[in-house]
Amino acid sequence: MRFQQDGATCHTTIETAQLQHESFPGRVIFRFGDRNWTAKSCDLVSLNFFLCSCLKPNKPMIISALKKEIECCVNEIKPHLCKIFMESFNKGVSMVQPISGIHLLDELYHI
């Protein structure tokens, strides 16, 4: 099992990074982690934007409510959204492969 996150500042504080490295020794994937990964990696961004837009209206404040909201959002995903997501994912992969996965400064990902 590996731990991968988006590189948000709150996830990369010294304390948080230490906890991640203790919990997932040698298996932390993010910018400045054991394996470097861009903050806007194509495998996370589309799904992250989708879930954030789905979760924002209710703003769950406790873990159990967040889990329930995530389950509801995932259950509401329609097949055509999966198709659009995969097209976006494939586009992102095709863009980062030739440049060895470095950060795409001007690229936006949409669903």
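Numbering (the numbering used here), first residue to last: 74 to 184.
Yeah, the Cβ is synthetic: ideal placement off N, Cα and C, and Gly gets one too.
Return the CA-CA distance between residue i and residue j, expressed in angstroms with no decimal places.
i	j	result
G165	L92	30 Å
N90	E160	Contrary to the premise, residue 90 reads as Ala rather than Asn in this sequence. About 33 Å.
K129	R108	30 Å
F158	P152	10 Å
K156	I135	32 Å
Just to confirm before moving on: does the CB-CB distance between residue i and residue j stay below 9 Å?
i	j	result
F123	C146	yes
E149	C125	no
T85	F97	no
Excluding the 5 residues flanking residue i on each side, which residues of the same chain have their C-beta closer than 7 Å to its C-beta?
i	result
N131	E142
G99	D107
Might you give, ordered along the chain, the residues of its own chain that have their beta carbon closer than 6 Å to the beta carbon of residue i, omitting 5 neighbours on each side?
i	result
K140	none
Buried or exposed: residue i, going by 16 or more other Cβ atoms within 10 Å of its Cβ?
i	result
M168	exposed
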